[in-house]
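Residue numbers (the numbering used here): 345 to 831.
Have a look at the structure below, then the notes.
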C-alpha cells in the first residue's frame, strides 16, 4: 500500500468504525469489539507511516480544490505524526476504559457515545494529517461538533449549559478569529500550505504579522489560553472517559498542536523570534500557567482540579512555541506527549474512584489509597510525572522548555516554569497524602475495592507510558528534533 493510500485509510478507518458501531447497536458485546478493533486498526495504520516520517520523507495526497490553488490535502510531517501516534494509541486505552466505565455505571445512549468517539478520532487524525491550514480548520471544526454530544451526554440542564459554553467559545473563536486569520493569510501569502520556515516572512509586514498572531492564538480556542478557557472546566460534567478524550487524546491536544503548527509552519520560528509585537504571547502563556494553577489549588471537585491543571499545562506548549528557540519548540512538542500520558492517567484514576467508591471530591478521599492501592499508585505516577519528577516523562519536556527560555534569555520564564512545578506539587501532593496518610486510619474492614478490570488495565497502560517515555525519550526526540532546526 502506498503512503497516500495509508493516509486515506487512516482517515477512513474510524469513519467506517462509526458506521459499524451504529449498525451493531442491538448487540452490545459486538459493538464493543468493533470499537476496540477500529482503534487498534487505526493505530496500526498510523504506526506504519511513522518510519517514513522519521526518515525525513513527507508523503502527501490532495483530494480536490475548494478554489483554484486551495486543495483539501493531507501531508505527513514530524509534529502531525507525533499527534496522530498519541491520539490513536490512547484511543485504544480510552476505548477499553470506556467499556468498563459504561458497563459499571450503566451509562445510557451507548451507541451515540461510541459513534461520537469514533467521529472525534477521525477528526483528530484529519487535524494531524492536514496538509494546509484550511484543511486543518475543517477537521478542527468537525472535532468540536463531534465532541459536543459527548459533553452533553447525561442530558441534564447542567450538561446542556456546559454544552452551550463549549460550543459558544470554541465556534465563535474559530470562526470569528481563526478563519479570518486563515483567509487573510491566504490573501497575503498566496498559499496556506505548511512550510518549514513559514509562509509569512517576506509576504507581510511585521505589523500585519503581529495582528495575525493575535487572531490565530486567540482563535485557536482549544488551546485554552486565558481568558478563553472557561469551556474546558465547564465540560467536566461529561463522563470521565469523555474528560480523558477532551484533556489528553483529542480536543485540547488539537488546540496546542494547531498553535505549534501555526508558529512553525505559518509564521516560521525564525520570523517569530525577530518579529516585533510577539512578546505578549510569552506573557499570556506564562500568566495562564500561574493563574490556572492557583485556581486549581482551590478546587475540591477532583475533575475540576484536573481541568484547571490542564489549562495550566497546555500553556507550557504555547510557551515553548512563543519562545521561538530551538529547545523551546522541541520542549513544547514533547509536552504534548508527556502531558497526554500523565493527564489521561489522572482522569482514568478519577473515573475509577467514582466507579468503585462513588467519590468526586478531594475532601472525600481520606484513606482511598488503602481501598484502591493500584488506582492511587497510578495516580501518584501521573501526578509526579506532571510535576516533572524523575523517573517520569514530563521531566524531559520541562527540561527543554527551561533550556529554551535560557537560550532566549527569558529569566522570568524560567522562574515561571520552576514555580509552576511547585504549584503542581501543591495541588497534587495533598491528594496523595489524603489517600495514603489519612488523619484517621482507614478501617481494615473497609477492604479493597478497585474498579472493574478494563478500567484498571487501561489506567495501568497509561501510567506505564508515563514512565516509559522517561526511559526512552528518543522515541519522541526522533520526531520532534527536526522542528528545532532553526536557521
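We put the CB at the ideal spot given by N, CA and C, even for glycine.
Range of the contiguous alpha helix (DSSP H) that encloses residue i
| i | result |
| --- | --- |
| residue 832 | There is no way to answer for residue 832, as the model of the chain reaches only from 345 to 831. |
| residue 422 | 422-448 |
| residue 395 | 372-398 |
| residue 358 | 347-367 |
| residue 826 | Taken as a continuous stretch (DSSP letters only), residue 826 belongs to no alpha helix (DSSP H), as it is neither H nor E. |
| residue 472 | 454-473 |
| residue 623 | 623-641 |
| residue 815 | 797-815 |
| residue 680 | 670-701 |
| residue 647 | 646-667 |
| residue 704 | Premise fails: residue 704 is in no alpha helix (DSSP H) and is neither H nor E. |
| residue 477 | 477-495 |
| residue 607 | Where residue 607 is concerned, there is no enclosing alpha helix (DSSP H), given that its DSSP letter is neither H nor E. |
| residue 618 | 613-618 |
| residue 713 | 712-715 |
Contacts around residue i, its chain only, beta-carbon distance under 6 Å, and the 5 residues preceding and following it disregarded
| i | result |
| --- | --- |
| residue 354 | 389, 390, 469 |
| residue 620 | 550 |
| residue 573 | 655 |
| residue 472 | 424, 427, 428 |
| residue 820 | 678, 681 |
| residue 713 | 720, 779, 780 |
| residue 313 | Residue coverage of the chain in this structure runs from 345 to 831, which leaves residue 313 outside it and unanswerable. |
| residue 816 | none |
| residue 615 | 542, 545 |
| residue 769 | 731 |
Range covered by the beta strand (DSSP E) that runs through residue i
| i | result |
| --- | --- |
| residue 404 | 404-411 |
| residue 519 | No beta strand (DSSP E) contains residue 519, which DSSP labels as neither H nor E. |
| residue 417 | 414-419 |
Own chain, CB closer than 8 Å to residue i, minus 5 neighbours either side, in chain order
| i | result |
| --- | --- |
| residue 462 | 358, 359, 361, 362, 365, 379, 382 |
| residue 344 | For residue 344 there is no data in the structure shown, the boundaries of the chain being 345 and 831. |
| residue 500 | 581 |
| residue 513 | 565, 572, 574, 575 |
Burial state of residue i, where buried means 16 or more other Cβ atoms lie within 10 Å
| i | result |
| --- | --- |
| residue 641 | exposed |
| residue 370 | exposed |
| residue 577 | buried |
| residue 755 | exposed |
| residue 345 | exposed |
| residue 683 | buried |
| residue 661 | buried |
| residue 375 | buried |
| residue 705 | exposed |
| residue 759 | exposed |
| residue 734 | exposed |
| residue 412 | exposed |
| residue 644 | exposed |
| residue 671 | buried |
| residue 741 | buried |
| residue 435 | buried |
| residue 798 | buried |
7 Å CB neighbourhood of residue i in its chain, flanking five on each side removed
| i | result |
| --- | --- |
| residue 825 | 674 |
| residue 485 | 518 |
| residue 685 | 737, 806, 809, 810, 813 |
| residue 579 | 495, 506, 510, 590 |
| residue 474 | 418, 480, 483 |
| residue 739 | 732, 733, 814 |
| residue 587 | 580, 647, 691 |
| residue 833 | With the chain represented from 345 up to 831, any question about residue 833 goes unanswered, as that position is not in the structure. |
Chain C within 8 Å of residue i, Cβ atoms only
| i | result |
| --- | --- |
| residue 716 | Protein chain content of the structure displayed is limited to a single chain, and chain C is not contained in it. |
(Q) Does the structure place the segment 512-525 close enough to the segment 542-551 that three or more beta carbon pairs sit under 8 Å? (A) no
Q | Continuous alpha helix (DSSP H) assignments of at least 4 residues falling wholly in the segment 547-604 | A | 550-563, 575-578, 584-588
**Q.** Within the segment 729-761, ranges of the alpha helix (DSSP H) (whole runs, at least 4 residues)
**A.** 738-751
**Q.** At least 3 beta-carbon pairs within less than 8 Å: the segment 573-584 vs the segment 666-679
**A.** These segments do not touch.
(Q) Measuring CB atoms only, is the segment 370-390 touching the segment 403-419, in the sense that at least three cross pairs come out at less than 8 Å? (A) no
(Q) Under 8 Å, with one C-beta from each stretch per pair, do the segment 632-641 and the segment 494-509 reach the 3-pair mark? (A) Not touching, per the Cβ criterion.
Q | the segment 624-634 contacting the segment 508-521, beta-carbon criterion three pairs below 8 Å | A | Output reads no: the segment 508-521 does not touch the segment 624-634.
Q. Contact between the segment 802-812 and the segment 392-404: three or more CB pairs below 8 Å?
A. no
Q) Can at least three beta-carbon pairs, one atom from the segment 665-674 and one from the segment 758-769, be found at a separation below 8 Å? A) Counting C-beta pairs closer than 8 Å gives fewer than three between the segment 665-674 and the segment 758-769, which falls short of the contact rule.
Q. So does the segment 552-559 actually touch the segment 605-625, counting three or more Cβ pairs closer than 8 Å?
A. Cβ pair count under 8 Å is three or more, so yes.
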